[in-house]
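Numbering (numbering that gives the first Met the number 0), first residue to last: 0 to 397.
In this text, a Cβ means the ideal position worked out from N, Cα and C, and glycines have one as well.
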Amino acid sequence: MIAHFPEGRAVKTNIFNQFVTELFRLLSARSSHKLLFSKTVALIGTVVLVWYSIVRVVQGTDLLGMSSSIADVSNWALWEYHTNSPTVSIPRSSTYHWLSDHEILYFHDLVPRQKREQLVDANNRMIQHIKFEGGTAAIYSEVTRQSCDLSRLSDALHKSKAELYRSKFSTSGRSLLWEGLDSTYVFSLDKMRLYSSGRSIGHVYWAEGGDHFVQLDNTDENGTIAHIYHLFPTRSVGVRNLMCDYSYCKVLAITSDLRMYLYDGSFRSSSGSAGTIIVTDLNSDEPSSEFLRMVFPGHALVAETDSLPAEHLLAWLTYRTEGMSVPILGRLLPSFKLPQRTISTIWISKLDGTDLREVGRLSSDGNVVGNVRQIRLVPGAARLSFVHENTLYTVPLK
């Protein structure tokens, strides 16, 4: 059950009523010296709980309240968060891409592979999940609310055995990049033609403008190797040894001048969740890097990112669990439980992490993630889209 922020005061009133009921039961018990002490402590606890229930209001903008629904995505093949790994996203199928400010490329009817992949979740448990390939590509128009299939692209997806959850669309909006079973592929919507870059050796990412893409190979013992390719025709134009292992980093963006932005979120601090944005210049034969600290309020985990490098814009989706624990009250009032909620928050910033501001947030009961997923910046930088349950929403950024 979703608890939206306008209902926050009602939720807190229920917490307070629950506490008062349990407190009344305790105070009605037969008196003794030990019980008198317990009553005193409980009264002190009342002040704390009144503060929690009435004064403490979750700050932030109601994400759904300022968003507009634009599509029912129940038949779109979109990856989800695995129910057994609440802090780690495990892709199950595919994603979607904005072709323009009103057209969306998506996929449906993907084919599951027979071989399942073993993954380790956040609690170090082994999870089996099905990988998908092939499928049918389609374009959805926000204006007409209609979809049409793309047969040539769909044939290319089947031919290459595409893993679409890691597919990337060029910022020019005209080429799709994905990793196949044995090669990296590019499909040009203008030419309606499939290109191959040869052996797939790592994840692939577009550079701004769509003239180059970068493939990161993390198998070398000396560090991550960046292979730079140019289109069209597809050819290698450079290899860079980054001299560090960036396999644990998220690639945020690659600009048209081949500056690569990565995010390392492994650092934690007492004041909040902190990470590092790593800026690497891929033009040099010996790339140098700049390290910039990035801090989110609270102990939030960065789940997703998206970028519009031409607009120097980054979008972030974070999750954090919020609640309060008072051990002594738990011993005195054993039937009283303070609820936890998970806060999903969308932020935007510049590529270097500066000018961070909150777009909106959504609260859900318990330690559950995935109520907000698949964030995308819409071309033009005026809106951002996200999936909530089986609906695609957009929220204004200005």
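Residues in its own chain within less than 7 Å of residue i by CB, not counting five upstream and five downstream?
i: Ala381; result: Pro395, Leu396, Lys397
i: Tyr260; result: Leu251, Ala252, Ile276, Val278, Leu350
i: Leu149; result: Ala136, Ala137, Ile138
i: Glu207; result: Thr170, Ile253, Thr254, Ser255, Pro308, Ala309
i: Phe290; result: Thr275, Ile277
i: Pro378; result: Trp97, Ser99, Asp100, Gly172
i: Asp189; result: Arg173
i: Tyr105; result: Trp75, Tyr95, Ala137, Tyr139
i: Gly352; result: Ile276, Leu291, Met293
Apart from the five residues on each side of it in sequence, which residues of its chain come closer than 6 Å, Cβ to Cβ, to residue i?
i: Thr393; result: Ser67, Ile69, Arg382, Ser384
i: Ala314; result: Asp305, Ile347, Ile374, Leu376, Leu383
i: Val54; result: Bear in mind that a pLDDT of 40 at Val54, under 50, signals an unreliable position, so the model cannot answer this.
i: Glu162; result: Glu178
Indicate whether residue i and residue j have their beta-carbon atoms separated by less than 7 Å.
i: Leu241; j: Pro286; result: yes
i: Gly359; j: Thr135; result: no
i: Val213; j: Ile253; result: yes
i: Asp216; j: Ile227; result: no
i: Lys167; j: Gly179; result: no
i: Arg340; j: Glu321; result: yes
i: Arg239; j: Leu281; result: yes
i: Ser182; j: Ser195; result: yes
i: Leu176; j: Val142; result: no
i: Asp244; j: Gly209; result: no
i: Leu62; j: Leu312; result: no
i: Met191; j: Arg144; result: no
For residue i, which residues in the same chain have their Cβ closer than 8 Å to its Cβ, ignoring the five residues on either side in sequence?
i: Asn389; result: Asp71, Val72, Ser73
i: Cys248; result: Leu261, Tyr262, Asp263, Ile277
i: Val386; result: Val72, Leu77, Val371, Arg372, Gln373, Tyr392
i: Ser265; result: Tyr247, Gly274
Identify the residues that DSSP records as bridge partners of residue i: which are they?
i: Pro378; result: DSSP output for Pro378 lists no bridge partner at all.
i: Asp61; result: Arg360
i: Ile69; result: The partner list for Ile69 (beta bridge, DSSP) is empty, contrary to what the question assumes.
i: Ser343; result: Tyr318, Leu361
i: Gln214; result: Val203, His226
i: Thr279; result: Met259, Ser288
i: Tyr392; result: Ser68, Phe385
i: Val147; result: According to the sequence provided, residue 147 is Cys. The question's Val does not apply to it. Paired residue(s): Ile138.
i: Arg192; result: Ser187
On a Cα-Cα basis, can you pick out the residue from the options that is closest to residue i?
i: Leu355; options: Gly379, Cys243, Phe295; result: Phe295
i: Leu109; options: Asp154, Gly237, Val386, Arg173; result: Asp154
i: Val236; options: Gly222, Ser283, Phe106, Lys190; result: Ser283
i: Leu230; options: Arg372, Phe186, Gly352, Leu156; result: Phe186
i: Asp100; options: Met65, Pro111, Ser140; result: Ser140
i: Trp75; options: Arg192, Ser146, Gly201; result: Ser146
i: Ser363; options: Gly379, Asp219, Ile342; result: Ile342
i: Met65; options: Ile345, Ile103, His211; result: Ile345
i: Leu156; options: His107, Glu357, Asp189; result: His107
i: Thr218; options: His211, Trp205, Gly201; result: Gly201
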